Each structure stands twice: as structure tokens, then as C-alpha cells.
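So the structure is just underneath, and the comments pick up after that.
There are 2 protein chains.
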Amino acid sequence: MSQDLLAALTELLGPAHVLTGADRAAYLPDWTGHYTADPLAVLRPADTAQIAATVKLAAAHGVPVVPVSGRTGLVGGAMTQGGLMLSVERLNRIRDIRPAARVAVVEAGVILSSLHDAAEAADLSFPLWFGARGSAMIGGALSTNAGGSNVLRYGSTRALCLGLEVVLADGRVLDLMSALHKDNSGYDLKDLFIGAEGTLGIITAAVVKLVPRPRAYATATLAARSLPDALTLLNRLQSASGGMVEAFEFMPDTYMRRLTEARPDVGEPFATRHAVNILVELGATAPRDATPGPDGAIPLTTLLEDTLAQMMEEGLILEAQVAQSESQRRAMWQRRELAAEITFARSPVIDTDVALPLDAVAPFLEAFHARLPGLDPQAETLSVAHLGDGNIHLSIFPGSDDAAHADRIVAAVEEEVQRLGGTFSAEHGVGLSKKPSMARRKNPVALAVMAQIKQALDPQNLMNPGKILS
Amino acid sequence: MSQDLLAALTELLGPAHVLTGADRAAYLPDWTGHYTADPLAVLRPADTAQIAATVKLAAAHGVPVVPVSGRTGLVGGAMTQGGLMLSVERLNRIRDIRPAARVAVVEAGVILSSLHDAAEAADLSFPLWFGARGSAMIGGALSTNAGGSNVLRYGSTRALCLGLEVVLADGRVLDLMSALHKDNSGYDLKDLFIGAEGTLGIITAAVVKLVPRPRAYATATLAARSLPDALTLLNRLQSASGGMVEAFEFMPDTYMRRLTEARPDVGEPFATRHAVNILVELGATAPRDATPGPDGAIPLTTLLEDTLAQMMEEGLILEAQVAQSESQRRAMWQRRELAAEITFARSPVIDTDVALPLDAVAPFLEAFHARLPGLDPQAETLSVAHLGDGNIHLSIFPGSDDAAHADRIVAAVEEEVQRLGGTFSAEHGVGLSKKPSMARRKNPVALAVMAQIKQALDPQNLMNPGKILS
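Top line first, the protein sequences correspond to chains Y and E.
Using the UniProt record's numbering, the letters of the first sequence map in sequence onto residues 1 to 470.
Using the UniProt record's numbering, the letters of the second sequence map in sequence onto residues 1 to 470.
Encoded structure:
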């Protein structure tokens, strides 16, 4: 049976693009090290038509199809045991950049940083920015509704997508590739597929928004007296600048300690280690904000410096460094972007991706840290946060490598999050790793409606089965 | 059978809130005058629980339920012949305004202008703004994903909604009332119900975003040499201000003529009538943009005046008036906001609501106006456009009041729109009036997927049946 399928796929895609046995090796490990795939084959179709034909063949044989792109996901969403792993890597064309309309037409296998470069060459920017941008692809970013550091200003991937092309479970191609900012012609199908992690269909292409390229950045690392004081800074900067804060990232003292242990070459920002360290960046897109004054400073840097100085005088900020060059700016960002690497270098690790209302971040961290010693006296934590979005990546290194123990700790995180009106899944998605949280924390009516939609669009349950829903 | 249902509803809601016979009168006419409803009864439930119980009763009796709110829709979306008209008008509480989190928690029957007032009292703004704001309610705005004049800066209703409560076809309540900016816990159900015009469930409450209240406006009416020149103005202002253009509205000479005929009291902006008249407004949310300089002018007004002066020198702008007071600003807006009134005062009228890529607006208008005399030599047109969104409300007054004739004209509009990558439904929705367009212009796979979802969530086809889909 599966030999028939493989023969048909080989005829369809060519032998070089149906990988079996040892040829699959590069595709099996998960970036996090928590999962290993064992696909029947890894497929590398050339285009949407081949993907549609592949999905039809798989459906005829009752074999699951799991789309993969850059494989930088953190929740095991691209794993399969025995299904077909369908890589969109060959759909890697930037079909069009239309500067006047400020859109790009891209295929699912385009690497984020390639799109960043292409947009920049047109004097524009694609403002989806995270550590894995050198490998992550558009298809995965859309399928997981990826977030990152610039959500505060530009929204998640969902907000950046105008049009979409999807291969459905029965091989039909759903063409929603419009470049319109307004379109009320029926249900919002696009947003149903974005963030569905390939469980409703395979995203093959998209029309995405481009934005004016910031002409200059004002970037600083600072230590605040407390998290609420840091939020005061965010609100003051947003108000003073008219919403030009592009990133507002929180790194606690535990993060700085672990950074120094893992990467002593990088260095901490301050001689004294502080509890609340913030990386803040404003982006000037208007000439009047980006043109240096007679003193050589851009107006946004002056605005940032003045706000920081005022708050230091008030005692709300303890220390601050404003980047004076692009290399200083890059160094500040490197410190933040090593988070995933230093988190997953240690094992066992329990990683979480929670979001809370902004004013509930500090109460959450306090409540959980007060509770943790009772659950595991040896546990240590490491967090970073997109504080401007209320999104915390709290990692726990537990005292023992026991699955039930880890689950008790995760359940405690969820409980505190739920109590404060938050979510257990902010930007990484659900995949396999958040499925238990999904089952026990998600509103049961919402779960039932999701299952109804899944059943309607994928009645054979062959599209990335077992992810998000059971 | 229907007497049993009415008796049960009367017991549930109280006799004062089950209107039959002549008591229904106020609810029967459609705002456009094109449709008249004939409901079995008009219901006025008090809360979500009563709506859920009502929907359950209706489902048990197999009777359709059509939600209505402010009844200012333009596509006949709230009509029913023999079904239950369920008004959400009594769910009219603003439950909470949370200034720190910049959200409001509102019920479906809250009138837009009430929310505007409440937000303003908290020094914030709810930036959904259109002519019918004094009657239109949140529930209808969400169900139609309403647009309006500020979409350019703040997005459509969809973009302003963080959380939602929906009564499903079987009476279950779907509680998605979160206030989070990031939440990837499964499928994006919220956006499926927004814009679904009540065909998948009844929206009963929402968490909506509030934004910083503009502290000052820079507003002008101007005549451009051509539509492309007007777009040059828009792009220059966006670039110079960093995206602070809140509205960019187009009124052609035909609009000015009709305005003068219908409302001679209002007056035209210029002594000479020009082909391309634009109302532009920038909003200053940052103190540095809103604080008057030594000359008393706010920086954004200076920016606007300088840009206009430069373009007049280049010959791209022919005449311009910058509002020097709030009353001058209001007068400029009144001229634009009379559009619906003067369009629907004349009969027969064919109203359309199309959107195009920004650079395709002028080619569309040219192509259609070249084609129209061949279809109807007596036809006249009247358009206004949210030009910054590519959204044109092109109305045609045909030479004869014949349905087949009107449909031929609509089909010609659709053809030109489709050829240029646009949509036949931008911000008003589909309802009844755009159903023929939906059937012949919407991608057939998209239509089939919508029908699959409708079937899954409303298998009895009782939720606003016959709207959007057949």
C-alpha cells in the first residue's frame, strides 16, 4: 500500500524529491531536541500544483500529510510518525514586490531574511522579526501566526497578511491571493488558515504587507526599578512619540546570569546586575523624526534620552545606555536574541509561551515564583518577555526529569495565567507540546467549534493530524 | 406551531419584548428603502442568557433567527420573511472601560456614538467612524466588519476587536472575551464570526481596542489635478508624518453637483467646480505633534500646509482650504457625510461598494464610465470614495427601473473590478443585495468552503438564512 503511494509520489515529484530511509536524516530532529520525526517519506514538491496532486494521492491512500518549512518551530508542530512530511522549501520565489501598493507576493518556502533583504532593496520593510529569521520560512510563520519583537508596532503575522493560497485536504486550491485592504465578500477564510498549523490545509503562497523602512532607530538598554516602572516608561514613550516603539523586551537578572554563564563573550549591560532589564527601540519612519539635528542626534534619540533622564531623576530607572552606533545597537539585540539558544542548551527544560494583560505580568511572575519552591525546591527559572505585548517566555529547569512532574509545573503556570485572564499559548502555537494545556484550559465550547470546523474541512483527519486538537 | 413558539418566547422574554402585528412597525422598513421585513415577531431579549434560550427555542421549532441592532446596514442583511427578528438593543451596557489596558468591554446593543463618548471621557478614542454612528450598534458593526473613514489608520472593525461572545446556532455560548494582544491557542474563531452577518451565530458582546485620542487635527479640502496626483499627496503626507493620515476621502464633481442640488445650504468648497476633490485629515496623538508652536499652529497643520503649498507650486493641486477652526473642520466633514442621504434620496439607485488596489482606482472609474453609456445612455453616476483604502461607493442612477437592467449594470461594475484585482464588497457586506455578485464573482472554492463551514456550525440553516450564501 505505502509502496504504491511512494511509487506514485516518485513519478509525480521525481526521485530526487521523495526522500526515504537515511536520506530523510536532516528532516528528523526537532529544533528543540524534544521530538524526532519518522516520516514515511520527506517530499519536496516544486509548486502548488504538485502539492495539490500530492495531497490528493495521500488522501486516496489515507496517509497523513504534515507540512514543514524552516523547521524552527518550538512546539513540535511539524512532527509525524509514519505520515508524509511535505517540505515547501522549493516554493521559494518572491514573485513580486510592488512598492507603490506596499505588498510582496511570496511563496511559502521563502526564508524570512530573504524577504527582509528584498523589501529593504525596495526601501521598505517586512516587519516580522525574530531570532530564527535566517531559517524560518513564510509558510511556517503564517501557519503558526508567528510573533516576535515587532508585534507591538506592526502586529503578528496575521496582521501582515492580505492574501493567501491554500491547498485543501481534498487537493482543491483555495485562491485568496488579493492585495486589498478591505474585502467583505463572505467569511474571513484567510484568518482561519493562518495559525491553524497545517491542520486545515497547506499554505502555499501569500500576499504580505510591507511598511516604510525605519530610517533611523533609537535603541537603549536600561534597568528599571520594577516592572510597573518599566510599563510607565513604555506608556510615556508611546505617548511622546505617537506609537513609534517597535520593541520593548524584558530580561530579568536570572537571564543575565545565565547569559554570562553560557556566553561570557557577550557581556552584561551594566556592572551591577539589576532585576528588571529592558531593551527598547523606537523606529523613525518619517523624515522629520529621522533627520539628524545640528548636534547630529536624531529627534527620536533625543526624545528617548530625555524620557530616560527624566525617569532616572524620578528614581524609576536605575541605569541606562543609549546605543550610539549601529554596532552598539546590534550588540544590544544579540543579548536578547540568544534567549532561545541558551534556554534549549540546558536540559531538562520546560518552556512556556504565555500572554497576559500588560498590568498582570508582574503579578503573574510574583505569584508563580512564590509557588514554585513548593512544587520543586530545586527548580530554577529563566525568562524573557515581549513585555509590550504581555508575552512572557518563562522557562523552568526542574529538579527532576520526570514527565508527570513537568506537567504539574506547567499546570501551575497555566492556573496562574488563567486566573489573571491570560493565555497558555501566545505566539509559538500549540503543536504537540501545548496540547495538554489546550485540552484542560481552552474554553470547551471553543474546542468543540474547532473540532466541528476540522471535521468539516478535513473529514479524513489527514492534515497534520493530532496537532492542536486530539 | 408558531403559536406555541410565540407563547414560549413570551414566557421567556415577557410580553413587552415579543412584538407582533402592528407593534413590529418600527422594525420593518430597511434604511435603504429597498427591503421590507415581515418577521413572525420582533424579540428584545435582555441579555446573553435570554438570547441563548431564544435560539434554542427557535431551533426546536425550526424557525430562523435574524439578529438586528441599529438597522443602518445597506445590503438588506437584517431582513426576514417569517423568521424571528432578534434585536440586541437591550444589551446596551458599556461594561467596562480599562484605560491602562486601552480596552472597552461592550455589549452588542451599544450605539457607536455612546462608545465614542465613553472613550473620550477616558481621554481615549474608539476609532470606528461613519455617518450612521448615532444609530449603528457594535453588534452590527462587528457582524458586517464595518469600515468607515478611519480604516486607513486604524483598520476595519475586525482590527479593533480583541475578544468576542457569540451565541451559536444550538444555543451554546462561545466565550472568547479576552483582552489579549497575542493568543495562538487554536483556530482564530473570533474572525470567523466577525463579518459573518449573523449567519454563523449571534454576537452578544465584545472586547474592543481603544486608541490614544487625537489631541489635534489637521484637516483640509483640496482639489487635485487628477486621482494619481491625489495619491501622490497621500503618499507624501504618510511619509512626512509617519502614517498619521486618518482619512483621505474623494468626492468627484458629480458628487458636488448633486450635493448642491439636494442641500444648497451646505455649499461647495470652491467657487470653481473641480473633478477631484479630497478631504484629508491628520490626527496628532503625540504631544510633540499637537502642541501649538509660537505662531499658534500645531506642527501637523504646518506639515499639511507645507505639503499642499509645495504641490500647488508643482501644479498637482489646484486649490486648497485648511480648516482654521473646529467648526470649519465639521463643515468639511458634513459635506462628505451627507453621501448616504443624498444617494438614497433618489430612486432608482444602484449602489455599489467596491475596493481596488490603490493604483487601480482611476483606471476602474475611467473604464466603467467609458462603458456605461453603451449600457444605459441616460444613466448618471455619483461616487464617493475612501480613496486611502481603494474603496469606492459608486452609485448609478439608471435610465429605467428594471431589475434585469440594473443587474446588467452591476455585472459590468463587477467585471471591471475583477479585471483589476478588486472586490465587489468592500465594507458593507453581502446580505441580500450582493448575493448575485457573490455567486458569480467569488472564487468557487472559497464559496464551497464557506458552505462547508456554514453547514458544520448551523446544520439546520436557521441563523440569518439566505444571507451571504444561497
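Yeah, the Cβ is synthetic: ideal placement off N, Cα and C, and Gly gets one too.
In this text, all values refer to a predicted model and were calculated from it rather than measured experimentally.
Closer than 7 Å: residue i CB and nearest the ligand MN heavy atom
i	result
M312 (chain Y)	What this structure holds is no ligand at all, so the ligand MN is not there to describe.
Buried versus exposed, by CB contacts within 10 Å (16 or more), residue i
i	result
D117 (chain Y)	exposed
R419 (chain E)	exposed
R71 (chain Y)	buried
R95 (chain Y)	exposed
A7 (chain E)	exposed
E107 (chain E)	buried
P444 (chain Y)	exposed
V75 (chain E)	buried
R440 (chain Y)	exposed
A370 (chain E)	exposed
A16 (chain Y)	exposed
G283 (chain E)	buried
T204 (chain Y)	buried
A26 (chain Y)	exposed
G21 (chain Y)	exposed
T330 (chain Y)	Checking the displayed sequence, the identity of residue 330 (chain Y) turns out to be Arg instead of Thr. The residue is exposed, with fewer than 16 neighbouring Cβ atoms inside 10 Å.
R408 (chain E)	exposed
D23 (chain Y)	exposed
V266 (chain E)	exposed
E326 (chain Y)	exposed
T36 (chain E)	exposed
Residue i at chain E interface by Cβ criterion, 8 Å
i	result
A101 (chain Y)	yes
R153 (chain Y)	no
E427 (chain Y)	yes
L394 (chain Y)	no
D351 (chain Y)	no
S156 (chain Y)	yes
R172 (chain Y)	yes
Range covered by the beta strand (DSSP E) that runs through residue i
i	result
I396 (chain E)	N391 to F397
Q81 (chain E)	No beta strand (DSSP E) holds Q81 (chain E); DSSP gives it neither H nor E.
L162 (chain E)	C161 to V167
L237 (chain E)	Counting along the chain, L237 (chain E) falls outside any beta strand (DSSP E), though it belongs to the alpha helix (DSSP H) covering L227 to S241.
A41 (chain E)	A41 to L43
L318 (chain E)	I317 to V322
A104 (chain E)	V103 to E107
I202 (chain E)	I202 to K209
D191 (chain E)	Looking at the DSSP string, D191 (chain E) is not in any beta strand (DSSP E); the run it does join, the alpha helix (DSSP H), is L189 to F193.
V173 (chain Y)	V173 to L176
Chain Y contact for residue i (CB, 8 Å cutoff)
i	result
R236 (chain E)	no
Q240 (chain E)	Gln is not the amino acid found at residue 240 (chain E); the sequence shown has Ala there. Taking Cβ atoms only, chain Y reaches closer than 8 Å to A240 (chain E), which makes this a yes.
G293 (chain E)	no
D458 (chain E)	no
P287 (chain E)	yes
P357 (chain E)	yes
N92 (chain E)	no
I468 (chain E)	yes
P212 (chain E)	yes
Beta-bridge pairing of residue i - partner residues as DSSP gives them
i	result
V384 (chain E)	E:H393
G283 (chain Y)	Y:Y217
P348 (chain E)	Looking at the DSSP assignment, P348 (chain E) forms no beta bridge with any residue, so it has no partner.
M463 (chain Y)	Y:V65
Segment limits, alpha helix (DSSP H) that includes residue i
i	result
F344 (chain Y)	A339 to F344
G148 (chain Y)	That residue, G148 (chain Y), is in no alpha helix (DSSP H); it is neither H nor E in DSSP.
P252 (chain Y)	That residue, P252 (chain Y), is in no alpha helix (DSSP H); its beta strand (DSSP E) goes V245 to P252.
residue 543 (chain Y)	Only positions 1 to 470 of chain Y appear in this structure, which leaves residue 543 (chain Y) out of reach.
L115 (chain Y)	L112 to A121
A275 (chain Y)	No alpha helix (DSSP H) holds A275 (chain Y); DSSP gives it neither H nor E.
Looking at chain Y, which residues of the stretch 414-438 of chain E have a Cβ within less than 9 Å of any of its Cβ atoms?
G421, G422, T423, F424, S425, A426, E427, H428, G429, V430, K434, S437 and M438
Would you list, in chain order, the members of the stretch 174-200 of chain E that have their beta-carbon closer than 8 Å to a beta-carbon of chain Y?
L174, D175, L176, S178, A179, L180, H181, K182, D183, N184, S185, G186, Y187, D188, L189, D191, L192, I194, G195, A196 and L200
If the cut-off is 7 Å on Cβ atoms, which residues from the stretch 441-454 of chain E count as contacting chain Y, listed in chain order?
K442, N443, V445, A446, V449, M450, Q452 and I453
Please list the residues of the stretch 129-149 of chain E that have a C-beta atom closer than 8 Å to any C-beta atom in chain Y, keeping them in chain order.
T144, N145 and G147
Could you please tell me which residues of the stretch 379-407 of chain Y, in chain order, have their CB closer than 7 Å to any CB of chain E?
D389, G390 and N391
Closer than 8 Å between beta carbons: that is the criterion. Which residues of the stretch 243-262 of chain Y meet it against chain E?
G243 and M244
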